[in-house]
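Peer 1:
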Amino acid sequence: MSGEHGSHPIVVKRIKKSSAGHHGGSWKIAYADFMTAMMALFLVLWLLKAAQPKDLVQLAEYFRTPLKVAIAGGNRSSESSSVIPGGGLDVTRQDADVRKAPDDAAQKAKERQEGERLRALKKRLEQIIENNPVLRQFRPQLLLDITSEGLRIQILDTQNRPMFRTGSAAVEPYMRTILREIGPVLNEMPNKVSLSGHTDAANYSNGERTYSNWELSSDRSNASRRELIAGGMNEGKVLRVIGLAATMPLDKKDDLAPINRRISIVVLNQRAQSRIEAENASAAEVTVAAKAGEVGEEVQAGLAAASAPPAKAAPAVSAGPAAAVQGNAAAAPAKPGSVQ
Numbered sequence: 265m266s267g268e269h270g271s272h273p274i275v276v277k278r279i280k281k282s283s284a285g286h287h288g289g290s291w292k293i294a295y296a297d298f299m300t301a302m303m304a305l306f307l308v309l310w311l312l313k314a315a316q317p318k319d320l321v322q323l324a325e326y327f328r329t330p331l332k333v334a335i336a337g338g339n340r341s342s343e344s345s346s347v348i349p350g351g352g353l354d355v356t357r358q359d360a361d362v363r364k365a366p367d368d369a370a371q372k373a374k375e376r377q378e379g380e381r382l383r384a385l386k387k388r389l390e391q392i393i394e395n396n397p398v399l400r401q402f403r404p405q406l407l408l409d410i411t412s413e414g415l416r417i418q419i420l421d422t423q424n425r426p427m428f429r430t431g432s433a434a435v436e437p438y439m440r441t442i443l444r445e446i447g448p449v450l451n452e453m454p455n456k457v458s459l460s461g462h463t464d465a466a467n468y469s470n471g472e473r474t475y476s477n478w479e480l481s482s483d484r485s486n487a488s489r490r491e492l493i494a495g496g497m498n499e500g501k502v503l504r505v506i507g508l509a510a511t512m513p514l515d516k517k518d519d520l521a522p523i524n525r526r527i528s529i530v531v532l533n534q535r536a537q538s539r540i541e542a543e544n545a546s547a548a549e550v551t552v553a554a555k556a557g558e559v560g561e562e563v564q565a566g567l568a569a570a571s572a573p574p575a576k577a578a579p580a581v582s583a584g585p586a587a588a589v590q591g592n593a594a595a596a597p598a599k600p601g602s603v604q
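For the sequence shown, position 38 (counting from the first letter as 1) is numbered 302 according to our numbering, and the numbering increases by one without interruption.
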């Protein structure tokens, strides 16, 4: 058969398989970037762990500072309560942000200094009580403490040594001595003073329909104010004199306890004084506005009456026969025995 068709060589082509290349080494760059990022991450975590809280605040402040403020200077947006970076109506204004932190710090420093002065006044009063033989015997009846309103001085009643006469605002001699010794010391601070009177729960026979514990506590508080001024306290130092009756007992378990009958003198701090003055100012504004409204209504009514046209006189009506009969009856003399 090879002779018939001639000899043709058979060619077998074998394809040589080879492995893929390394793509030029690009994977090394990606891996290096990944390792750099991981190193930076762990470095930041380590710094956050080792840094002090003050350093963290400064770091956060750095990232919150706008670029405009960092370049041009000025207040930082983190000191503003506005949700818009830069704050204010116009972010390009230099006075857009308002520094609140220094004001708060100054206010806290002022309150701290005032608290120290009140504590110093408390120590001064305690020294006066200890050094005065007359006041020393009344020491169990004097309570001094610092409250949220200021320095509170409470003069308590006892069963054997009442401050006032029973059911009266007449001051006993030893109560007068205590108040007149305390009065001059209160002038050492410019703060205003608030006085409040308290009674026990024993009521008068008529209850609260006539003279009651409300009037009694108010009268006793006012009598204490007079004794403080007589002892040397400045007249304009008193801001408030109130009577609270038996609403705030010192001994809550026994409403009739003698210690519930007391006089409370509070040297007000600035915060409490401002709150009381603001409340009274608000009430005064409402009262003035109401009076102004009443006066305005009266003036408007007067102007309306003056501008109204005069009323026309009603035309005369001719009297009929019935009217004539009534007139004659009126003109006739009354009969004896008739009822007028």
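Glycine residues also receive a C-beta, built at the ideal position from the N, C-alpha and C atoms. All of these numbers come straight from a predicted model, not from anything done at the bench.
What's the call for F402, buried or exposed, on a 16-neighbour Cβ count within 10 Å?
Peer 2: buried
Peer 1: Going by alpha carbons, who is nearest to E394 out of T430, I493, E445, G471?
Peer 2: E445
Peer 1: Would you say G259 and S528 are within 7 Å of each other, going by their C-beta atoms?
Peer 2: Only positions 265 to 604 of the chain appear in the structure, and residue 259 is not among them; the question remains open.
Peer 1: Look up F428 in the DSSP assignment and say whether it is helix, strand or coil.
Peer 2: DSSP places F428 in the strand class (E or B) of the three-state scheme.
Peer 1: Should N455 and V398 be called a contact, given that it needs their Cβ atoms to be closer than 7 Å?
Peer 2: no
Peer 1: Report buried or exposed for R278, applying the criterion of at least 16 other Cβ atoms within 10 angstroms of its Cβ.
Peer 2: exposed
Peer 1: With which residues is E540 paired in a DSSP beta bridge?
Peer 2: Per the sequence presented here, residue 540 reads as Ile, with Glu not at that position. Per DSSP, none; premise fails for I540.
Peer 1: With distances taken between CB atoms, is the gap from D483 to R525 smaller than 7 Å?
Peer 2: no
Peer 1: Are there three or more Cβ pairs, one per stretch, closer than 8 Å when the segment 496–511 is compared with the segment 376–383?
Peer 2: no
Peer 1: Can you say whether H462 is buried or exposed, counting buried as having 16 or more other CB atoms within 10 angstroms of its CB?
Peer 2: buried
Peer 1: Looking at the strands, I want to know which residues DSSP matches up with L420.
Peer 2: R526
Peer 1: What first and last residue would you give for the beta strand (DSSP E) that runs through S205?
Peer 2: With the chain covering only 265 through 604, there is no way to say anything about residue 205.
Peer 1: Secondary structure at L503, three-state DSSP: helix, strand or coil?
Peer 2: strand
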